[in-house]
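Participant: If you use the UniProt record's numbering, the sequence shown corresponds to residues 1 to 148, in order.
Virtual Cβ for every residue (Gly too), placed ideally from N, Cα, C.
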Amino acid sequence: MQSGASLSSPAKVLTVNDKSVPEDVQELASKLFDMARNGDTTNLAAYIDNGVDPNLTNQDGNSLLMLAAYAGHHETLDALISRGANVNQLNGRGQSPLAGAVFKQDMTVVEKLLNAGAFPHEGHPNAIDTARMFGLDELAATLSSHGA
Numbered sequence: 001m002q003s004g005a006s007l008s009s010p011a012k013v014l015t016v017n018d019k020s021v022p023e024d025v026q027e028l029a030s031k032l033f034d035m036a037r038n039g040d041t042t043n044l045a046a047y048i049d050n051g052v053d054p055n056l057t058n059q060d061g062n063s064l065l066m067l068a069a070y071a072g073h074h075e076t077l078d079a080l081i082s083r084g085a086n087v088n089q090l091n092g093r094g095q096s097p098l099a100g101a102v103f104k105q106d107m108t109v110v111e112k113l114l115n116a117g118a119f120p121h122e123g124h125p126n127a128i129d130t131a132r133m134f135g136l137d138e139l140a141a142t143l144s145s146h147g148a
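See the structure below:
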């Protein structure tokens, strides 16, 4: 799967605390999401290199990439993108990683996502609307320069 894959690309959802999922699998999933959230790039990349889906999502629909991007972990974001994570995968609330980066005002994450094929018009609110909502002129200009 390419980084800029369409929103209809299937993602593997793992609902933590789902009684039908073995406890050890739930524990591993929790660790993977924590690795993304905490920027543990080396270990997360190793799991993905050994078969974990880079588009795995949690019970809220947040992907590993969404968590890393929102937390501003640039190296982890790079590792996920290079391993095929979908930069346009929306979470359960219809939010995109790019809109989250705009909300956090993290220009580095915004640039990385745009360069990997993120669509500024995806999600609700989308990245452009988010930038406008908060009066973020620099981010709005960056989005516009990428064909937004």
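1) I'd like to know whether the C-beta atoms of residue 167 and leucine 44 end up nearer to each other than 8 Å.
2) Alpha carbons only, please: which of Leu90, Leu143, Gln59, Tyr47 is nearest the one belonging to histidine 124?
3) How far does the alpha helix (DSSP H) with glycine 100 in it reach, from first residue to last?
4) When you compare the segment 123–139 with the segment 96–103, are there three or more beta-carbon pairs, one atom per stretch, that lie closer than 8 Å?
5) Helix, strand or coil: how does DSSP classify serine 20 here?
6) Per DSSP, serine 63 is paired with what?
7) Return the Cβ separation of isoleucine 81 and alanine 131 in integer angstroms, given the expectation that the two are a contact with Cβ distance under 8 Å.
8) Under the rule that 16 or more other beta-carbon atoms within 10 Å means buried, what is methionine 133, buried or exposed?
9) Please classify asparagine 50 as buried or exposed, where buried requires at least 16 neighbouring CB atoms within 10 angstroms.
10) I need the DSSP call for leucine 136, collapsed to helix, strand or coil.
11) Could you tell me which of Asn88, Leu32, Arg37, Glu111 sits nearest to tyrosine 47, measuring between CA atoms?
12) Any idea if glutamate 138 is buried or exposed, counting beta-carbon neighbours within 10 angstroms, 16 or more meaning buried?
13) Can you tell me whether histidine 121 is buried or exposed, with buried defined as 16 or more other CB within 10 angstroms of its CB?
14) Would leucine 56 and leucine 67 qualify as a contact pair, given that the criterion is a beta-carbon distance under 8 Å?
15) Verify the contact flag: histidine 73, CB atom, against every heavy atom of the ligand SAM, threshold strictly below 7 Å.
Facilitator: Taking the definition as stated:
1) Not covered by the structure: residue 167. The range shown for the chain is 1 to 148.
2) Leu90
3) Boundaries of the alpha helix (DSSP H) around glycine 100: 97–104.
4) Because the criterion of three Cβ pairs below 8 Å is met, the segment 123–139 and the segment 96–103 touch.
5) coil
6) Thr57
7) With 8 Å as the limit, isoleucine 81 and alanine 131 do not qualify as a contact, their Cβ atoms being about 21 Å apart.
8) Exposed, because fewer than 16 other Cβ atoms sit within 10 Å of the Cβ of methionine 133.
9) exposed
10) coil
11) Leu32
12) exposed
13) exposed
14) no
15) No copy of the ligand SAM appears in this structure; indeed no ligand is present at all.
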